[in-house]
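Some notes on the structure that comes next.
2 protein chains.
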Amino acid sequence: MYIGVDVGGTNLVVGIVNGEGDIIAKAKCPTDTIKPPKAVIGDILRLAAEACEKAGVNKAEIKSFGFGTPGTIDFEKGAVINSPNIPLMNNFPLRDTIQAEWAIPVYLVNDANAAAFGEAFAGSAKGCESMVMVTLGTGIGSGIVLNGKLMMGFNHIGAEIGHTVVVLDGWECNCGRKGCWEKYASASGLIALTREKMEANPDSKLWEIAPTLEAVDGKTAFAAAAQGCSAGKAVVELYLDYLACGVGNLVNIFQPQVLCIGGGISNEGDALLLPLIARVEKGSFRHPKNNTEIRIASLGNDAGIIGAALAEV
Amino acid sequence: MYIGVDVGGTNLVVGIVNGEGDIIAKAKCPTDTIKPPKAVIGDILRLAAEACEKAGVNKAEIKSFGFGTPGTIDFEKGAVINSPNIPLMNNFPLRDTIQAEWAIPVYLVNDANAAAFGEAFAGSAKGCESMVMVTLGTGIGSGIVLNGKLMMGFNHIGAEIGHTVVVLDGWECNCGRKGCWEKYASASGLIALTREKMEANPDSKLWEIAPTLEAVDGKTAFAAAAQGCSAGKAVVELYLDYLACGVGNLVNIFQPQVLCIGGGISNEGDALLLPLIARVEKGSFRHPKNNTEIRIASLGNDAGIIGAALAEV
Chain A
18 MYIGVDVGGT NLVVGIVNGE GDIIAKAKCP TDTIKPPKAV IGDILRLAAE ACEKAGVNKA
78 EIKSFGFGTP GTIDFEKGAV INSPNIPLMN NFPLRDTIQA EWAIPVYLVN DANAAAFGEA
138 FAGSAKGCES MVMVTLGTGI GSGIVLNGKL MMGFNHIGAE IGHTVVVLDG WECNCGRKGC
198 WEKYASASGL IALTREKMEA NPDSKLWEIA PTLEAVDGKT AFAAAAQGCS AGKAVVELYL
258 DYLACGVGNL VNIFQPQVLC IGGGISNEGD ALLLPLIARV EKGSFRHPKN NTEIRIASLG
318 NDAGIIGAAL AEV
Chain B
18 MYIGVDVGGT NLVVGIVNGE GDIIAKAKCP TDTIKPPKAV IGDILRLAAE ACEKAGVNKA
78 EIKSFGFGTP GTIDFEKGAV INSPNIPLMN NFPLRDTIQA EWAIPVYLVN DANAAAFGEA
138 FAGSAKGCES MVMVTLGTGI GSGIVLNGKL MMGFNHIGAE IGHTVVVLDG WECNCGRKGC
198 WEKYASASGL IALTREKMEA NPDSKLWEIA PTLEAVDGKT AFAAAAQGCS AGKAVVELYL
258 DYLACGVGNL VNIFQPQVLC IGGGISNEGD ALLLPLIARV EKGSFRHPKN NTEIRIASLG
318 NDAGIIGAAL AEV
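Those protein sequences? They're chains A and B, same order as listed. Whatever position you read off the first sequence (first residue = 1), add 17 for the working numbering. Whatever position you read off the second sequence (first residue = 1), add 17 for the working numbering.
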């Protein structure tokens, strides 16, 4: 048995995961963004004990403790360099502090990488030799699994696919570059494209779905398009072009067996998937027989817990 | 001992390579683009015998036969699907035909992948755990070596980094996409940028170096810039921006220990390398201590022979 911790923006979730990638039990509490590190550690240890009890598992049966966390991870220190959800955890020796209580291996994994590993190990890409996952949320999270292992670069900070430029000199990204894929193809990108269209089309149905620009979310354009709104359809088409551009790049680089789409936008299902597949088929190198399957992620938030528990084991 | 064959546009070169990646002997003849496959096979077998003799190696000591060839490789058939240098070789059963004469394993590898493997095994990235190579020639060839193995995708047609879009809706590429990196950052891209500048600047020094647009090559702009020509400098700066955009993307995806630049343009040396490094440092995620080293390839055409011989062994 293995412990996987999802250090999310909303909840701190601890799961007990078996060697097959099944979650046996979970325990959670809200993420408190201004809690001092020692109190967060206290929460984690309490949730771990609670999850073990729920699962009917003894502490002695737990082989390792894995964290899936946003931010850049310092693998040598076992700390998060820039922890966006709990800023006070920046550079806090998370690994050593946990290990002082549980004398077992403790791993830290970037949350997008953890989600990719979870989907590859037990979800939509189970049994595949290679997969790339992109998570369409506030940004674009991404992970790459090759031969059953995460590909993170020699310094463990790679797989930042959202920060590849696809529009030279395009929109400014907070990473410092211009035209990064995530500026256009994340949920935030879709929201920006939707707002732009609404401002140019004051009579469109988009305004019925989102009465103000602040009310726009990642579903607005898809909902309008489903109701026949031409402005909504145009936004969705444009968004799909941006999304397919980056996915086509990934196919040409990795030719993975599966490319998995997760995050909030992936809830659109076939309305997203089918036109995306059609675009990528035109915009990437094709093999006579064997081509990348594009799939919607199947594990939701559980992917991150499973991946955190098992990625480094 | 291993045989590596470089099926180049100019020469067909056969090399005898030892397990350390040293070329012991070579034999070559011009590539005849309209020769029927059986005659090409005859050339290859003759050159292999000649190279063995030069190396003082018996046929029985040769453990495998590897081809580095442009075009898409059908790994199941052991054939080249679209052989640009020798079109009559398209879909010809190269592996089986060679194996009928030499009863040893025969491998086919894309030439850009072979060059990357050669540089990783015995050249500029020797001893590195991960490397990405881009070859700036007519197009951009590329290869990715992770943990001592080529990463080619599950269908063996990946690592086509030149065909990742960096300028959405940009220049049309013959792959069918628009705005592929190789349209801008290959030698052909540099030539196109140089010609564009010359047409707009009829008085620039560029015209002294290349008296006609047809005379422009990949050295023209660098030569003019070195002589203080402002138009030439502007072309080089623009070219470096395009090159650094794609290299920054690769660093953010792979964070390889080494990123190696080969091909004709790499002969510019520090005039290319130093401003490229400065741009990539600004345009990619940086680790506090460990960052990708960008290097010029060191083996020239030998990289392809060494890689062809050893990549699949």
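The C-beta atom is built at its ideal place from N, Cα and C for all residues, glycine as well. Bear in mind that the values here come from a model prediction, so they are computed numbers and not experimental data.
* Count the other CB atoms, across all protein chains shown, that sit within 10 Å of the CB of R194/B; report buried if there are 16 or more and exposed otherwise. => Here residue 194/B refers to the residue found at position 177 when the second sequence is read from its first residue. Result: buried.
* To do: For Y256/B, I'd like the list of residues in its chain whose CB is within less than 6 Å of its CB, leaving aside the five on either flank, ordered along the chain.
  => Taking the second sequence and counting its residues from 1, the one referred to as residue 256/B is at position 239. Answer for Y256/B: L207, L210, listed in chain order.
* N35/A, DSSP secondary structure in three states -> Here residue 35/A refers to the residue found at position 18 of the first sequence. Here N35/A sits in coil by DSSP.
* **Cβ contact (3+ pairs, closer than 8 Å) linking the segment 110-122 of chain B and the segment 287-306 of chain B** => no
* **T86/B vs I98/B beta-carbon contact at 8 Å** => What you label residue 86/B is simply residue 69 of the second sequence in a count that begins at 1. What you label residue 98/B is simply residue 81 of the second sequence in a count that begins at 1. Contact: no.
* Closer than 9 Å, Cβ to Cβ, to anything on chain A: give me those residues from the segment 261-273 of chain B, in chain order. => C262, G263, G265, N266, L267, V268, N269, I270, F271, Q272, P273
* Under 7 Å between beta-carbons, which chain B residues line up against M18/A? List them in chain order, please. => As a working note, residue 18/A is residue 1 in the first sequence. Within 7 Å Cβ-Cβ: nothing; M18/A doesn't reach chain B, min ~29 Å.
* **CB contact below 8 Å: K143/A versus chain B** => As a first step, residue 143/A is located in the first sequence; it is residue number 126 there, counting from the start. By this cut-off, K143/A is not an interface position.
* Evaluate D39/A with the Cβ neighbour count: other Cβ atoms within 10 Å of its Cβ, from every protein chain shown; 16 or more gives buried, anything less gives exposed. => Taking the first sequence and counting its residues from 1, one reaches residue 39/A at position 22. By the 10 Å Cβ count, D39/A comes out exposed.
* Would the segment 284-298 of chain B and the segment 307-325 of chain B be scored as touching if the rule is three or more Cβ pairs under 8 Å? -> yes
* State the DSSP-derived secondary structure class of K222/B, mapped to helix, strand or coil. => On the second sequence, residue 222/B is found 205 positions in, with the first residue counted as 1. Coil at K222/B, not helix or strand.
* What does E146/B reach in chain A if we use C-beta pairs closer than 8 Å? -> The count along the second sequence starts at 1 and reaches residue 146/B at position 129. Here the neighbours are F171.
* Write down the C-beta distance between A139/A and I323/A rounded to the nearest angstrom, noting that I regard them as a contact closer than 8 Å. => On the first sequence, residue 139/A is found 122 positions in, with the first residue counted as 1. On the first sequence, residue 323/A is found 306 positions in, with the first residue counted as 1. Contact holds; Cβ gap of about 5 Å.
* Asked: According to DSSP, what are the bridge partners of F84/A?
  -> Counting from 1 along the first sequence, the entry for residue 84/A is found at position 67. In DSSP, F84/A forms a bridge with V22/A, L125/A.
* Shorter than 8 Å from the beta carbon of E177/B to some beta carbon of chain A? -> As a position in the second sequence, residue 177/B is number 160, starting the count at 1. By this cut-off, E177/B is an interface position.
* In the DSSP assignment, find the beta strand (DSSP E) that holds G158/B and state where it starts and stops. => Indexing the second sequence from 1 puts residue 158/B at position 141. That run of the beta strand (DSSP E) goes 157-163.
* Excluding the five sequence neighbours on either side, which residues of its own chain have a C-beta within less than 6 Å of the C-beta of E67/B, listed in chain order? -> Position 50 of the second sequence holds residue 67/B. Answer for E67/B: A44, listed in chain order.
* Any idea if A343/A is buried or exposed, counting beta-carbon neighbours within 10 angstroms, 16 or more meaning buried? -> Because chain A is modelled from 18 through 330, residue 343/A falls outside the range shown and cannot be assessed.
* Around the C-beta of E189/A, are 16 or more other C-beta atoms found within 10 angstroms, so that it is buried, or is it exposed? -> Along the first sequence, read from residue 1 onward, the residue named residue 189/A stands at position 172. By the 10 Å Cβ count, E189/A comes out exposed.
* To do: Note down, in chain order, every chain A residue with its Cβ under 8 Å from the Cβ of V163/B.
  => Against the second sequence, residue 163/B aligns to sequence position 146. In the sequence as presented, Val is not what sits at residue 163/B; that position holds Leu. The contacting residues are L163, M168.
* Return the Cβ separation of A202/A and L153/A in integer angstroms, given the expectation that the two are a contact with Cβ distance under 8 Å. => Translated into positions along the first sequence, residue 202/A becomes position 185. Translated into positions along the first sequence, residue 153/A becomes position 136. Yes, they are in contact, since the Cβ atoms of A202/A and L153/A sit about 7 Å apart, within 8 Å.
* From V22/A, A238/A, G36/A, G263/A, pick the residue whose C-alpha is nearest to that of V151/A; which is it? -> The residue you call residue 151/A lines up with position 134 of the first sequence. Of the candidates V22/A, A238/A, G36/A, G263/A, the one whose C-alpha sits nearest the C-alpha of V151/A is G263/A.
* Say whether chain A places a C-beta atom closer than 8 Å to the C-beta of F109/B. => Position 92 of the second sequence, counting from 1, holds the residue named residue 109/B. Taking Cβ atoms only, chain A never reaches closer than 8 Å to F109/B, which makes this a no.
* In three-state DSSP terms, what is K166/A? -> For the purposes of this step, residue 166/A is identified with residue 149 of the first sequence, where counting begins at 1. Note: K166/A maps to strand in three-state DSSP.
* To do: Closer than 9 Å by beta-carbon distance: list the chain A residues that pair up with N299/B, in chain order.
  => By one-based count along the second sequence, residue 299/B stands at place 282. Residue identity check: residue 299/B is Lys in the sequence provided, not Asn. In chain order: G193, R194.
* Asked: Under 8 Å between the Cβ atoms of E79/B and V31/B?
  -> On the second sequence, position 62 is the one that residue 79/B refers to. On the second sequence, position 14 is the one that residue 31/B refers to. The question names Glu, but residue 79/B in the sequence shown is Ile. No, Cβ-Cβ distance for I79/B and V31/B is not below 8 Å.
* Which runs of the alpha helix (DSSP H) spanning at least 4 residues fall entirely within the segment 49-124 of chain B, listed in chain order? -> 54-72, 111-118
* To do: Could I get the ranges of all uninterrupted beta strand (DSSP E) runs contained in the segment 202-283 of chain A, with 3 residues as the minimum, in chain order?
  => 275-279
* Own chain residues within Cβ distance below 7 Å of K404/A, not counting five before or after -> Since the displayed chain A opens at 18 and closes at 330, residue 404/A lies outside it and no answer follows.
* To do: Reducing DSSP to helix, strand and coil, say where P305/A ends up.
  => Reading the first sequence from its first residue, position 288 is the one you call residue 305/A. Looking at P305/A - three-state DSSP - the assignment turns out to be coil, as it is neither helix nor strand.
* So which of C46/A, E37/A, M18/A, N108/A has the shortest CA-CA distance to G26/A? -> On the first sequence, position 9 is the one that residue 26/A refers to. It is C46/A.
* To do: Determine contact between the segment 269-277 of chain A and the segment 139-149 of chain A, defined as no fewer than three beta-carbon pairs at a distance below 8 Å.
  => yes
* **Between the CA atoms of A261/B and K222/B - distance to the nearest angstrom** => In the second sequence, the residue the question calls residue 222/B occupies position 205. In the second sequence, the residue the question calls residue 261/B occupies position 244. Taking the straight line joining both Cα atoms gives about 26 Å.
* Neighbour list for N307/B in chain A, Cβ cutoff strictly below 8 Å -> By 1-based counting over the second sequence, the position of residue 307/B is 290. Ordered by position in chain A, the residues that pass the 8 Å Cβ test against N307/B are F171, N172.
* Starting from E298/B and walking both ways along the alpha helix (DSSP H), at which residues does that stretch end? -> Reading the second sequence from its first residue, position 281 is the one you call residue 298/B. First-last of the alpha helix (DSSP H) with E298/B: 287-299.
* To do: In the DSSP assignment, find the unbroken alpha helix (DSSP H) run with A320/A in it and report its ends.
  => Residue 320/A sits at position 303 when you count from the first residue of the first sequence. It spans 319-327 - the alpha helix (DSSP H) in which A320/A sits, taken as one unbroken run.
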